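As you go down the protein sequences, you meet chains H and L in turn. Just so you know, the first sequence maps onto residues 1 to 134 in the numbering used here. Just so you know, the second sequence maps onto residues 135 to 268 in the numbering used here. Beta carbons: idealized from backbone N, C-alpha and C, even for Gly. Fair warning: this is a prediction, and the values are worked out from it, not measured in the lab. What follows is one structure encoded as structure tokens, with my remarks underneath.
Protein chains: 2
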Amino acid sequence: MDGLTIQQAAQTTGWSPRMLRYVEDAGLIEPLRSAAGYRLYGPAELQRLRTLRALLAEFDIGLTDVGFAQRLRRDPALRTAVDHWFAAAPRRPENVPAADWLRWEQDKHQRLLNANAHLAPLDAHSTKPIKETA
Amino acid sequence: MDGLTIQQAAQTTGWSPRMLRYVEDAGLIEPLRSAAGYRLYGPAELQRLRTLRALLAEFDIGLTDVGFAQRLRRDPALRTAVDHWFAAAPRRPENVPAADWLRWEQDKHQRLLNANAHLAPLDAHSTKPIKETA
DNA sequence: AAAACCTTAGCACGAGCGTGTCAAGGTTGA
DNA sequence: TCAACCTTGACACGCTCGTGCTAAGGTTTT
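Given below as structure tokens:
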């Protein structure tokens, strides 16, 4: 067998064997298997396990968060959908592409009339409110 | 007052007033407030609330996931840390830009040192561990 | 001033996360 | 062969997420 067994890997990385399996279930770090099905952790996996630990600790995030980040970069549809949602964000136009910014400016008047001045660039059609409390 | 109150906004967007407050707590969509502190939802917010609903439903993700995505794009340190982690992914170098892969190999040693520095007190060079089950 | 809103703060509760531990059974190596 | 490891599966438990509901108290509108 070539590589560390789960218990050995646990010792060098600081994770528990249980968590190593959990991390694998989460889709992050999946070690190779021996013929008999034993998990075999190589240097690369060990390294990744350590940095993963550091990542979680340093930013106080969860495995599921990293899992989501992974999904974000594996699923283009999700990625673009999320990007799109944030693109319409009500934040300062600093990081908004020129084209969007232009549209934002164009719609400004409309938005001001409706209400929220400095908030959000998004085609606000289909916005026929119930009874604008005016 | 200019804008929809929380209940009106709830009706047009399909969220409950409770959830609208929750979404606000999550840091996504924060409506303006009236002088008395009433939440005022404008067209932009309403639109964003609707698309958010669609986003969650379509990809079966949670508010916290979107919250994390937001954190990812607001916190550059987190962003690069996560990027870095995935960049070192044990995937076939197929989908890794040649340049990055090369640099990764070059930095390997340095990364190992760094990681070991602020991590598990256990010793570490992965290539000469406890007892390679060979 | 009373009805109908709004605010924050809290309890409750099922579902999922992060983790340990135990059980039943296969693998490895001395 | 036998101890020591591995595998999957499951129960358990505390914590957070998503959600509703109630309470105590301001605001708006009629």
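**Study point:** Whole-number beta carbon distance between T12 of chain H and L4 of chain H, since they are thought to touch under 8 angstroms
**Key:** 7 angstroms
Check your understanding: In three-state terms, what does DSSP make of L56 of chain H?
Key -> helix
Check your understanding: Does the Cβ of T51 of chain H have 16 or more other Cβ atoms within 10 Å, making it buried, or fewer, making it exposed?
Key -> buried
Exercise for review: Verify the CB distance criterion: does Q82 of chain H have a CB-CB separation below 8 angstroms to chain L?
Suggested key: Sequence check: residue 82 of chain H is Val here, not Gln. Chain L contact via Cβ: present.
Review point. Interface residues of chain H around A160 of chain L at Cβ under 8 angstroms?
Key: Those within 8 angstroms of A160 of chain L in chain H number zero; the least Cβ separation is about 13 angstroms.
Practice item. Could you run through the stretch 135-152 of chain L and flag, in chain order, every residue whose CB is less than 7 angstroms away from some CB of chain H? Key: M135, D136, G137, L138, T139, Q142, Q145, T146
Point to revise | Within chain L, the residues that R73 of chain H reaches when beta carbons sit closer than 8 angstroms | key: F220
Check your understanding: Roughly how many angstroms separate the alpha carbons of Y41 of chain H and A144 of chain L, rounded to a whole number?
Key -> 51 angstroms
Practice item. Identify every residue that forms a DSSP beta bridge with R18 of chain H. Key: DSSP output for R18 of chain H lists no bridge partner at all.
Exercise for review: Can you tell me which of H:D2, H:T80, H:D83, H:R73 puts its alpha carbon nearest to the alpha carbon of L32 of chain H?
Suggested key: H:D2
Point to revise | Residue environment, A57 of chain H, which counts as buried when at least 16 other CB atoms sit within 10 Å | key: exposed
Exercise for review: Give the DSSP-derived three-state secondary structure of L212 of chain L in the structure shown.
Suggested key: helix
Point to revise | Through-space distance from A170 of chain L to R79 of chain H, alpha-carbon basis | key: 39 angstroms
Review point. With 8 angstroms set as the bound, which would you pick, yes or no: does the beta-carbon of D194 of chain L sit closer than that to a beta-carbon of chain H?
Key: no
Check your understanding: When you compare each of H:G14, H:H84, H:D25, H:G67 to Q47 of chain H by their alpha carbons, which one comes out closest?
Key -> H:G14
Exercise for review: Look at the Cβ atom of L162 of chain L, then the Cβ atom of G196 of chain L, and state whether they are nearer than 8 angstroms.
Suggested key: no
**Study point:** Simplified DSSP assignment, three categories, for L162 of chain L
**Key:** coil
Check your understanding: Between the stretch 32-56 of chain H and chain L, which residues of the former have a C-beta closer than 7 angstroms to a C-beta of the latter?
Key -> P43, A44, E45, L46, Q47, R48, R50, T51, L52, R53, A54, L55
Check your understanding: So A10 of chain H is in the alpha helix (DSSP H); what residue range does that whole segment cover?
Key -> 6-13
Practice item. Look at the alpha carbon of P140 of chain L and the alpha carbon of E164 of chain L, and state the distance between them as a whole number of angstroms. Key: Strictly speaking, residue 140 of chain L in this sequence is Ile, with Pro absent from that position. So the alpha carbons of these two residues sit roughly 12 angstroms apart.
Review point. Secondary structure at V230 of chain L, three-state DSSP: helix, strand or coil?
Key: Only weak support exists for where V230 of chain L lies, its pLDDT of 39 falling under 50; the coordinates are left without a value.
Exercise for review: Could you tell me whether the Cβ of D234 of chain L comes closer than 8 angstroms to any Cβ of chain H?
Suggested key: With a pLDDT of 39 at D234 of chain L, under the threshold of 50, the modelled position of that residue is not reliable, and the figure given next carries that caveat. Not one chain H Cβ lies under 8 angstroms of D234 of chain L.
**Study point:** Straight-line Cα distance separating P151 of chain L from F86 of chain H
**Key:** 22 angstroms
Check your understanding: If you draw a straight line from the alpha carbon of A81 of chain H to that of R74 of chain H, how long is it in whole angstroms?
Key -> 13 angstroms
Check your understanding: How would you list, in chain order, the residues of chain H whose beta-carbon sits under 8 angstroms from the beta-carbon of L212 of chain L?
Key -> F59, I61
Practice item. For V200 of chain L, return the contacting residues in chain H, with the cut-off set at a CB-CB distance below 8 angstroms. Key: V82, W85
Point to revise | Per DSSP, cross-strand counterpart(s) of L174 of chain L | key: L:L166
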